[in-house]
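Participant:
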Amino acid sequence: DPTPSNGLPLADYLELYNTSSKVIDLTNCWISDLTNMDQLNEGKILPGEYLIICDNSYEVEFAPFGKVITVNSFPSLNNSEDEITLFAPDTTLINRVHYFDTWYQDEDKKDGGWSLEMIDPDNPCANGENWVASTQFFGGTPGAINTIFGTNPDVVPPQLIAASALNDTTLLVSFNESLDNDGLLTAIYEIDYGISVKSISIIDSKTVQLILDQQLAFKTKYELTVASIFDCSGNEIGSDNSAFFALPEQGFSNDLIINEVLFNPFSTGVDFVEIYNHSNKYINLQNWNLANLENDSIDNYKVLSNNPILILPEEFVLLTTNSKAVANDYVNSKTDDFLQMESFPTYSNDEGDVFLLNSLGEVIDEFHYSEKMHFPLLNSEKGVSLERIAYNRPASDESNWHSAAEDVGFATPGFENSQHQTANNDGGEITVEPTTFSPDNDGVDDVLNISYNFTEPGFVTTIIIYDAKGRLVKTLVQNELLGISGTFSWDGINQRYEKSPIGIYVIFVEVYNETGSVKSYKKTAVLAGRLN
Numbered sequence: 217d218p219t220p221s222n223g224l225p226l227a228d229y230l231e232l233y234n235t236s237s238k239v240i241d242l243t244n245c246w247i248s249d250l251t252n253m254d255q256l257n258e259g260k261i262l263p264g265e266y267l268i269i270c271d272n273s274y275e276v277e278f279a280p281f282g283k284v285i286t287v288n289s290f291p292s293l294n295n296s297e298d299e300i301t302l303f304a305p306d307t308t309l310i311n312r313v314h315y316f317d318t319w320y321q322d323e324d325k326k327d328g329g330w331s332l333e334m335i336d337p338d339n340p341c342a343n344g345e346n347w348v349a350s351t352q353f354f355g356g357t358p359g360a361i362n363t364i365f366g367t368n369p370d371v372v373p374p375q376l377i378a379a380s381a382l383n384d385t386t387l388l389v390s391f392n393e394s395l396d397n398d399g400l401l402t403a404i405y406e407i408d409y410g411i412s413v414k415s416i417s418i419i420d421s422k423t424v425q426l427i428l429d430q431q432l433a434f435k436t437k438y439e440l441t442v443a444s445i446f447d448c449s450g451n452e453i454g455s456d457n458s459a460f461f462a463l464p465e466q467g468f469s470n471d472l473i474i475n476e477v478l479f480n481p482f483s484t485g486v487d488f489v490e491i492y493n494h495s496n497k498y499i500n501l502q503n504w505n506l507a508n509l510e511n512d513s514i515d516n517y518k519v520l521s522n523n524p525i526l527i528l529p530e531e532f533v534l535l536t537t538n539s540k541a542v543a544n545d546y547v548n549s550k551t552d553d554f555l556q557m558e559s560f561p562t563y564s565n566d567e568g569d570v571f572l573l574n575s576l577g578e579v580i581d582e583f584h585y586s587e588k589m590h591f592p593l594l595n596s597e598k599g600v601s602l603e604r605i606a607y608n609r610p611a612s613d614e615s616n617w618h619s620a621a622e623d624v625g626f627a628t629p630g631f632e633n634s635q636h637q638t639a640n641n642d643g644g645e646i647t648v649e650p651t652t653f654s655p656d657n658d659g660v661d662d663v664l665n666i667s668y669n670f671t672e673p674g675f676v677t678t679i680i681i682y683d684a685k686g687r688l689v690k691t692l693v694q695n696e697l698l699g700i701s702g703t704f705s706w707d708g709i710n711q712r713y714e715k716s717p718i719g720i721y722v723i724f725v726e727v728y729n730e731t732g733s734v735k736s737y738k739k740t741a742v743l744a745g746r747l748n
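With the sequence shown counted from 1, adding 216 to any position gets you our numbering.
(1) Excluding five sequence neighbours on each side, which residues of the same chain lie with their C-beta closer than 8 Å to the C-beta of D656?
(2) Helix, strand or coil for F278, going by three-state DSSP, please let me know.
(3) Grab me the residues of F820's own chain with a C-beta within less than 7 Å of its C-beta, minus the 5 sequence neighbours each way, in chain order.
(4) Please name the residue, chosen from G223, L688, K518 and E265, that lies closest to S237 on a Cα-to-Cα basis.
(5) When you compare only the Cα positions, how much space is there between I364 and N339?
(6) In this structure, what does DSSP give as the bridge partners for R312?
(7) By Cβ distance, which residues of its chain are closer than 7 Å to I310, with the 5 residues on each side in sequence left out?
(8) Is the segment 666-677 touching the segment 699-709 in the sense that three or more CB pairs, one from each, lie closer than 8 Å?
(9) Note down, in chain order, each residue of its chain lying with its Cβ closer than 6 Å to the Cβ of R312, except the 5 sequence neighbours on either side.
(10) Give me the residue from E645, D658 and V660 with the minimum Cα distance to I666.
(11) Which one of Q637, L426 and A379 has the shortest CA to CA distance from L401?
(12) Measure the Cβ-Cβ separation of I269 and I240 and say whether it is below 8 Å.
(13) Nearest to M557 by alpha carbon, out of E530, D566, E567 and N523?
(14) Please list, in chain order, all residues of the same chain as N475 whose beta carbon is under 8 Å from its beta carbon, the five residues on each side excluded.
(15) Look at M334 and N346 and say whether their C-beta atoms are less than 8 Å apart.
(16) Which runs of the alpha helix (DSSP H) spanning at least 4 residues fall entirely within the segment 375-419, listed in chain order?
(17) List, from N- to C-terminal side, the alpha helix (DSSP H) runs of 4 residues or more that fit wholly inside the segment 633-677.
(18) By the DSSP assignment, the alpha helix (DSSP H) with V542 in it spans what residues?
(19) Quick one, which of L520, P529 and I361 has its alpha-carbon nearest H494's?
(20) What does the alpha-carbon distance come out to for the pair K540 and L534?
(21) Which one of N538, D569 and Y405 has the shortest CA to CA distance from D429?
(22) Report yes or no: do three or more beta-carbon pairs, one from the segment 724-733 and one from the segment 673-686, lie closer than 8 Å?
(23) Within 10 angstroms of its Cβ, does T243 collect 16 or more other Cβ (buried), or is it exposed?
(24) What first and last residue would you give for the beta strand (DSSP E) that runs through N508?
(25) Secondary structure at W330, three-state DSSP: helix, strand or coil?
(26) How should N544 be labelled, buried or exposed, when 16 other C-beta atoms within 10 angstroms of its C-beta is the threshold for buried?
(27) At the level of alpha carbons, what is the spacing between Y682 and L688?
(28) Exposed or buried, what is L520 when buried is set at 16 or more other beta-carbons lying within 10 Å of its beta-carbon?
(29) Quick check on DSSP: helix, strand or coil for M557?
(30) Considering only residues of the same chain and omitting the five flanking positions on each side of S444, which have a CB-CB separation below 6 Å?
(31) Could you please give the first and the last residue of the uninterrupted beta strand (DSSP E) stretch that includes F583?
(32) Just checking, does the segment 711-718 make contact with the segment 611-624 on the three C-beta pairs under 8 Å criterion?
(33) What does the alpha-carbon distance come out to for the pair N516 and F571?
(34) Any heavy atom of the ligand ATP within a distance shorter than 7 Å of the CB on T671?
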């Protein structure tokens with residue numbers, strides 16, 4: 217960003233430095249950014265020499281600073297971020313730098329007129345940690361040693377960060393830093409289950425594509441291990457040399473579910489939505505979306521990830537725009553299961569709708585939430601998430617949601633819900649459990665589950681709670697059509713949104729169907745609590 221100038225020409229430029237003992241002919245080498253590419257005009261660079269590359273219309277202006285080689289059309293480098301690549305005449309990669317204006321480490325200088333300088337030229341593949349704004353008073357040092365020149369060696373080994381199955385015979389492997397190109401091709405890639413690599417192709421300096429000699433199977437977890445691979449500074453890959461992957465399947469309704477929602481965060485916090493893989497599939501979250509409801513239509517789609525992200529069976533993934541803020545607010549957070557999104561739908565603090573859509577644009581789960589669904593005796597609902605009680609009960613069942621327990625910090629980001637319960641409906645047509653429950657929001661038996669299990673569908677039910685003296689406490693369900701099996705939950709709150717007192721309660725369940733068959737059930741349960 218040459219504007220405003222501090223003394224340098226008002227033009228983009230870049231500088232090369234020859235770290236070798238060779239005289240290198242740069243004639244017809246290529247220089248490019250992400251959108252444009254042109255060949256260098258005639259010229260050579262000597263050992264230990266600095267060389268300015270600029271558009272030929274600015275050759276005269278840069279000549280006083282040092283040796284210049286021009287291009288007929290210099291790439292237009294973006295101010296905030298771009299990628300500059302130098303290729304040999306046959307387009308063999310020589311060097312690449314993907315820069316960001318954060319590398320300046322100076323808010324004033326990144327606004328224009330200052331060059332980015334490399335600290336240690338013997339560490340050419342390092343990223344922002346080896347670059348900083350020039351300290352030269354006129355803005356930069358084209359054609360001369362950098363003002364910030366120093367020793368900044370790379371002593372950290374490279375890491376394998378991901379392996380993604382593109383199809384049943386193709387694997388994309390990514391590393392955290394640039395690696396030796398020849399080494400990428402000669403490295404040892406080992407996959408369990410006896411799978412061998414048939415061929416290797418380089419995508420870029422951090423990524424290779426492997427073609428496998430046999431097909432991957434669905435619902436199978438594989439491990440890739442890499443050995444004998446080096447970064448640009450000669451560091452060999454260490455213990456971070458393995459990654460799990462699987463052949464992904466598409467997720468449909470009930471495969472992934474909305475499991476926890478924070479819609480009214482602390483003043484310094486952010487919203488989050490947690491999803492859970494309730495299937496035995498390995499599902500790729502790439503191009504999935506969160507959305508909300510606007511003008512009675514699903515709207516404001518926000519992509520979870522543009523890159524492959526695998527969610528394993530029985531795994532949680534927490535979606536947010538600020539992972540650090542969530543982790544700061546909830547000290548028990550399992551941050552390994554966080555997926556930070558670029559943007560988020562707006563979820564109102566009092567009422568709203570959360571939609572989860574797969575990569576085909578199909579709604580996989582939806583949840584209409586309200587602040588009234590929170591435990592009424594909370595001192596404050598701010599910073600308290602709503603947790604799903606049972607995975608196999610629908611999100612539309614309001615009794616399947618409860619405020620997160622106080623003893624876990626009012627949310628469980630990335631791990632099993634404090635209020636999670638698996639209802640037991642194997643003990644007859646109507647079962648009640650636990651027979652003693654304590655609705656004090658401590659995460660232990662906070663709700664009473666009333667489960668039904670019939671041999672045929674079509675029953676309609678009404679469920680009423682009475683106290684031991686036969687007085688009405690709560691009409692939990694009224695004339696609701698049932699399936700064959702399911703569960704309703706009572707949190708101990710009465711019709712007046714007050715906590716019911718300690719004691720014995722009668723759960724009266726009546727069901728009938730269109731044939732006139734009527735069944736009635738009476739169950740008892742104890743509402744317990746601490747005596748002060």
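C-beta atoms are modelled at their ideal positions from N, C-alpha and C, and glycine is treated no differently.
Facilitator: Judging by the given coordinates:
(1) Numbered from 1 along the sequence shown, position 440 holds the residue referred to as residue 656. Excluding sequence neighbours, D656 sits near D662, G745 and R746.
(2) If you number the sequence shown from 1, residue 278 lands on position 62. In the three-state DSSP reduction, F278 falls in the helix class (H, G or I).
(3) Here the chain comprises residues numbered 217 to 748, so residue 820 is not present and cannot be evaluated.
(4) Here the question's residue 237 lines up with position 21 in the sequence shown. It is E265 whose Cα lies nearest to the Cα of S237.
(5) To locate residue 364, count along the sequence shown from 1; it is residue 148. To locate residue 339, count along the sequence shown from 1; it is residue 123. It is roughly 14 Å from the alpha-carbon of I364 to the alpha-carbon of N339.
(6) Counting from 1 along the sequence shown, the entry for residue 312 is found at position 96. By DSSP's assignment, R312 forms a beta bridge with T301.
(7) Within the sequence shown, residue 310 is the residue found at index 94, counting from 1. Hits under 7 Å: L302, F303 and A304.
(8) Flag = yes, the segment 699-709 and the segment 666-677 touch.
(9) On the sequence shown, position 96 is the one that residue 312 refers to. Taking R312 as the centre and dropping the five residues before and after it, the same chain places the C-beta of T301 closer than 6 Å to its C-beta, in chain order.
(10) In the sequence shown, counting from the first residue as 1, residue 666 sits at position 450. When only C-alpha atoms are compared, the closest one is E645.
(11) Taking the first residue of the sequence shown as position 1, residue 401 is located at position 185. Comparing C-alpha distances from L401 to each of Q637, L426 and A379 shows the shortest one belongs to L426.
(12) Start at 1 with the first residue of the sequence shown, and residue 269 comes out as number 53. Start at 1 with the first residue of the sequence shown, and residue 240 comes out as number 24. Their beta carbons are not under 8 Å apart, which means I269 does not touch I240 by this criterion.
(13) Along the sequence shown, one-based indexing puts residue 557 at 341. Sorting E530, D566, E567 and N523 by C-alpha distance to the C-alpha of M557 places N523 at the top.
(14) Taking the sequence shown and counting its residues from 1, the one referred to as residue 475 is at position 259. Around N475: E490, I491, Y492, F532, E603, R604, Y607 and N633.
(15) Position 118 of the sequence shown, counting from 1, holds the residue named residue 334. Position 130 of the sequence shown, counting from 1, holds the residue named residue 346. Cβ distance < 8 Å, so M334 and N346 count as in contact.
(16) Entirely contained in the segment 375-419, the alpha helix (DSSP H) runs reaching 4 residues are, in chain order, 397-402.
(17) Correct list: empty.
(18) Residue numbering aside, residue 542 sits at position 326 when the sequence shown is read from its first letter. Note, V542: alpha helix (DSSP H), S539 to D545.
(19) Within the sequence shown, the letter at position 278 stands for residue 494. Across the set L520, P529 and I361, the C-alpha of P529 shows the shortest separation from the C-alpha of H494.
(20) By one-based count along the sequence shown, residue 540 stands at place 324. By one-based count along the sequence shown, residue 534 stands at place 318. Distance between the alpha carbons of K540 and L534: 12 Å.
(21) Counting from one through the sequence shown, the residue named residue 429 turns up at place 213. Just measuring C-alpha positions, the residue of N538, D569 and Y405 sitting nearest D429 is Y405.
(22) Flag = yes, the segment 724-733 and the segment 673-686 touch.
(23) Indexing the sequence shown from 1 puts residue 243 at position 27. Exposed is the call here.
(24) Along the sequence shown, read from residue 1 onward, the residue named residue 508 stands at position 292. That run of the beta strand (DSSP E) goes N505 to E510.
(25) Residue mapping note: residue 330 aligns to position 114 of the sequence shown, counting from 1. Here W330 sits in coil by DSSP.
(26) Start at 1 with the first residue of the sequence shown, and residue 544 comes out as number 328. Label assigned to N544: exposed.
(27) For the purposes of this step, residue 682 is taken as the residue at position 466 of the sequence shown. For the purposes of this step, residue 688 is taken as the residue at position 472 of the sequence shown. One Cα belongs to Y682, the other to L688, and the distance between them is close to 5 Å.
(28) Counting from one through the sequence shown, the residue named residue 520 turns up at place 304. Around the beta carbon of L520, 16 or more other beta carbons lie within 10 angstroms, which makes this residue buried.
(29) For the purposes of this step, residue 557 is taken as the residue at position 341 of the sequence shown. Residue state, collapsed to three classes: coil.
(30) In the sequence shown, residue 444 corresponds to position 228, counting from 1. Cβ within range, chain order: A403 and I404.
(31) Sequence index remark: in the sequence shown, residue 583 carries index 367 (1-based). Under the DSSP assignment, F583 falls in the beta strand (DSSP E) whose first and last residues are V579 to S586.
(32) The answer is no - the segment 611-624 does not touch the segment 711-718, with fewer than three Cβ pairs under 8 Å.
(33) If you number the sequence shown from 1, residue 516 lands on position 300. If you number the sequence shown from 1, residue 571 lands on position 355. Within the model, the alpha-carbon separation for N516 versus F571 is close to 10 Å.
(34) For the ligand ATP, the structure offers nothing, since it holds no ligand at all.
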